[in-house]
Ligand code: XBP
Ligand code: MG
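Residue numbers (our numbering): -12 to 232.
Put into structure tokens, the structure is as follows:
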């Protein structure tokens, strides 16, 4: 039996490989436009991804640099300015068609919609980035696909804190066992599990693996080539349940 009535989608890394080819590139463009000779190569960005939130990520990098304002207020202002600029540049990259949905994503969203499975977005990225990406992938009416859209601005604590998932469940009036998270990263899977949800884990370029305690959990199911379940009559069914029917 399945009690999952709702798919809760993470965005970055899960719906598209936005981090390496989108956010990282846009951060570097923002640094250059601001006259800073900073640059995040793929390896450095991978290390920084354990800090969720773009502004928080800039501040984490600043903590390791000498060429930053000493005054904490000036430092915060610079991080905020760079982050706003980065998000504008990210939206332009997405509009240029530089980022594509990962295979199977739109297919599963369509299947869920047709089967009457509820869907939501639960991300720590900024709302403007969600708007840019999902309107490109699903069209201008993308919001009609999702009953709830929780973004970075909606919580005080970002993933791996469970707050974003707790808020989404509250807005949907669902219990944790009634929803399934789709996540790519260690912070994302940690957040969903901490909120009590089962997870379909879709490895991404920066998160090809999970810590053993998450990977070995029976509530974390890998999405390798295809989703580990199907949507049917308002519910999400694990493949194992379908094959015994
Ligand atoms: C996404 C993030 C975000 C993005 C950049 O994590 O951590 O910070 O990297 O977006 P998740 P912003 O996939 O777990 O939601 O610059 O808008 O924060
Ligand atoms: Mg992610």
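Where a beta carbon is used, it is the ideal one built from N, C-alpha and C, also for glycine.
Three-way DSSP call (helix, strand, coil) for residue i in this model
| i | result |
| --- | --- |
| residue 8 | helix |
| residue 293 | This structure gives no information on residue 293, because the portion of the chain shown stretches from -12 to 232. |
| residue 2 | coil |
| residue 166 | strand |
| residue 209 | strand |
| residue 40 | coil |
| residue 194 | strand |
| residue 128 | coil |
| residue 59 | helix |
| residue 93 | helix |
| residue 105 | strand |
| residue 99 | helix |
| residue 52 | coil |
Alpha-carbon spacing of residue i relative to residue j, whole angstroms
| i | j | result |
| --- | --- | --- |
| residue 226 | residue 113 | 34 Å |
| residue 160 | residue 206 | 21 Å |
| residue 177 | residue 56 | 34 Å |
| residue 155 | residue 167 | 12 Å |
| residue 163 | residue 10 | 30 Å |
| residue 83 | residue 74 | 14 Å |
| residue 126 | residue 182 | 31 Å |
| residue 81 | residue 143 | 27 Å |
| residue 158 | residue 54 | 44 Å |
| residue 195 | residue 201 | 13 Å |
| residue 131 | residue 224 | 23 Å |
| residue 31 | residue 129 | 33 Å |
| residue 101 | residue 79 | 32 Å |
| residue 50 | residue 148 | 22 Å |
| residue 16 | residue -11 | 46 Å |
| residue 146 | residue 153 | 11 Å |
Status (buried if at least 16 other CB within 10 Å, exposed otherwise) for residue i
| i | result |
| --- | --- |
| residue 120 | buried |
| residue 52 | exposed |
| residue 172 | buried |
| residue 170 | buried |
| residue 22 | exposed |
| residue 13 | buried |
| residue 107 | buried |
| residue 136 | buried |
| residue 175 | buried |
| residue 103 | exposed |
| residue 24 | exposed |
| residue 203 | exposed |
Near ligand 2: residue i beta-carbon under 7 Å from a heavy atom
| i | result |
| --- | --- |
| residue 113 | no |
| residue 172 | yes |
| residue -3 | yes |
| residue 139 | no |
| residue 107 | no |
| residue 1 | yes |
Contact test: residue i Cβ vs ligand 1 heavy atom, cutoff 7 Å
| i | result |
| --- | --- |
| residue 68 | no |
| residue 4 | no |
| residue 177 | no |
| residue 37 | no |
| residue 116 | yes |
| residue 189 | no |
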